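Before any comments, here is the structure.
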Amino acid sequence: MKRIGVLTSGGDAPGMNACIRAIVRSAALRRIDVVGIRRGYAGLIKGDMISLGPRRVGHILERGGTFLDSSRSPEMRTPEGLRKAINTLQEKAIEGLITIGGDGTFRGAVALAEMGGVKIVGIPGTIDNDVFGSDYTIGFDTAINTALQSIDKIRDTADSLEMLFFVEVMGRTRGFIALAVGIAGGASEILIPETETNIIALVQRLQKRFLKRGGQQGALIIVAEGDTPGGAKAIAEKVGDLMKLDYRVVSLGHVQRGGSPTARDRILASKLGVAAVSGLLEEKHGCMVGEIGSEIVYTPLEDTWTKVKELDASLLRLPHILTI
Ligand code: F6P
Numbered sequence: 506m507k508r509i510g511v512l513t514s515g516g517d518a519p520g521m522n523a524c525i526r527a528i529v530r531s532a533a534l535r536r537i538d539v540v541g542i543r544r545g546y547a548g549l550i551k552g553d554m555i556s557l558g559p560r561r562v563g564h565i566l567e568r569g570g571t572f573l574d575s576s577r578s579p580e581m582r583t584p585e586g587l588r589k590a591i592n593t594l595q596e597k598a599i600e601g602l603i604t605i606g607g608d609g610t611f612r613g614a615v616a617l618a619e620m621g622g623v624k625i626v627g628i629p630g631t632i633d634n635d636v637f638g639s640d641y642t643i644g645f646d647t648a649i650n651t652a653l654q655s656i657d658k659i660r661d662t663a664d665s666l667e668m669l670f671f672v673e674v675m676g677r678t679r680g681f682i683a684l685a686v687g688i689a690g691g692a693s694e695i696l697i698p699e700t701e702t703n704i705i706a707l708v709q710r711l712q713k714r715f716l717k718r719g720g721q722q723g724a725l726i727i728v729a730e731g732d733t734p735g736g737a738k739a740i741a742e743k744v745g746d747l748m749k750l751d752y753r754v755v756s757l758g759h760v761q762r763g764g765s766p767t768a769r770d771r772i773l774a775s776k777l778g779v780a781a782v783s784g785l786l787e788e789k790h791g792c793m794v795g796e797i798g799s800e801i802v803y804t805p806l807e808d809t810w811t812k813v814k815e816l817d818a819s820l821l822r823l824p825h826i827l828t829i
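So in our numbering, spot 52 of the sequence shown is number 557, and the numbers just go up one at a time.
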């Protein structure tokens with residue numbers, strides 16, 4: 506292989522830049538040229554790309570976002586879009602492609618492989634951690650630490666005013682972020698889509714707790730955005746009505762996606778970037794490279810979204826034990 510392409514697609518995630526750096530520099534050591542495709546599949550369709558040498562990726566390791574830019578491309582879901590993308594790869598003599606993103610990115614990769622025989626290795630880059638085939642995705646660790654900083658601040662107000670706070674975090678349809686920040690942030694309750702949310706039981710637990718402590722206390726309830734239609738606001742309204750309490754709702758939103766990656770994310774991104782280049786050379790095409798335990802593992806791309814990554818829902822008991 507003489508020339509490969511790299512793109513980031515879908516939501517940006519901290520650590521994507523560290524991953525691009527690892528790909529470019531490990532490829533250079535193997536005398537492979539790397540082309541950076543801008544704005545994900547949209548850039549691939551348009552042929553929007555830049556040449557990436559080892560020096561070009563200096564000082565990006567510590568930067569959030571993705572310096573190649575990203576997008577969600579509806580055109581990639583059409584045969585016409587796919588044909589254009591394949592043409593670009595052929596015209597530019599790009600023999601292999603590394604795609605960094607989540608399940609939408611991998612679906613696009615599989616479509617390209619099926620239609621044009623493109624040799625692709627995927628790398629999981631999303632704050633949601635919802636990809637089968639890797640214990641952690643690039644960006645998750647930074648996102649939970651960023652969310653935690655805000656949650657710690659909200660707790661100051663919750664405690665000072667003995668106020669109930671409902672804090673909505675991202676995660677799409679999964680509760681990985683909520684579970685992690687709920688435990689780390691000392692939340693009283695964590696509501697995630699993987700388990701049914703029983704408002705009556707939740708109200709009873711809070712009432713019991715307040716009774717035991719001789720009155721209303723400040724409390725944090727972490728709600729995963731995918732838990733209930735209407736999100737944290739809808740849940741807060743129901744709980745507030747039943748308990749006749751004043752409450753506040755905070756949605757942390759996109760602050761969770763930004764910022765300089767943590768050491769953990771930089772290390773994971775560096776390992777997976779190097780392993781993706783090896784994967785292309787070792788013909789592990791059509792796979793995503795991930796880390797399970799401390800092993801580098803290649804998982805067929807289809808499995809990354811058809812198989813469900815387990816979440817340890819038994820951890821939801823921790824807040825009930827630890828916030829007595
Ligand atoms: O997949 C990352 C993510 O931040 C999810 O947690 C969230 O549901 C979604 O992207 C938000 O997407 P957008 O940036 O398009 O609003």
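Glycine included, each C-beta is placed from N, C-alpha and C at the ideal position. Treat the numbers as computed from the prediction; the structure is a model and nothing was measured.
- Beta-carbon to beta-carbon, Ser-639 and Gly-795 are separated by about 3 Å, close enough to satisfy the 8 Å threshold.
- Between Ala-741 and Ala-683, the C-beta spacing is not below 8 Å.
- Nearest to Ala-652 by C-alpha distance, out of Gly-680, Ala-663, Thr-631, Gly-690, is Gly-690.
- Around the beta carbon of Pro-734, a 10 Å sphere encloses fewer than 16 other beta carbons of the protein chains shown; the residue is thus reported as exposed.
- The DSSP assignment places 669 to 674, 694 to 696 as complete runs of the beta strand (DSSP E) inside the region 635 to 698, in order along the chain (cut-off: 3 residues).
- Not one heavy atom of the ligand F6P lies closer than 7 Å to the C-beta of Asp-751.
- CA-CA distance, Ala-527 to Gly-798, rounds to 21 Å.
- At least one heavy atom of the ligand F6P lies less than 7 Å from the C-beta of Met-675.
- Annotation for Asp-574 indicates a beta carbon at 7 Å or more from all heavy atoms of the ligand F6P.
- The nearest non-hydrogen atom of the ligand F6P is 7 Å or more from the C-beta of Arg-544.
- The region 629 to 643 makes contact with the region 798 to 811, as at least three CB pairs between them are under 8 Å.
- Spatial neighbours of Leu-750 in its own chain (CB-CB distance under 8 Å, excluding positions within 5 residues in sequence) are listed in chain order as Leu-669, Gln-721, Val-744.
- Relative to the ligand F6P, the beta carbon of Glu-699 is positioned no closer than 7 Å to any heavy atom.
- Boundaries of the beta strand (DSSP E) harbouring Gly-627: 624 to 629, taken from the DSSP string.
- A distance criterion of 7 Å places the beta-carbon of Thr-631 in contact range of the ligand F6P, judged by its closest non-hydrogen atom.
- With a threshold of 7 Å, the Cβ atom of Glu-730 counts as near the ligand F6P, since some heavy atom of the ligand is closer than that.
- Exclusion of the five residues before and after Gly-736 leaves Glu-673, Glu-730 as the residues of its chain whose Cβ lies within less than 6 Å of its Cβ.
- At least one heavy atom of the ligand F6P lies less than 7 Å from the C-beta of Arg-762.
- The ligand F6P never approaches Gly-570 closely enough for any of its heavy atoms to be under 7 Å from the residue's Cβ.
- The count of Cβ pairs closer than 8 Å, one atom from the region 569 to 585 and one from the region 537 to 556, reaches three, so the stretches are in contact.
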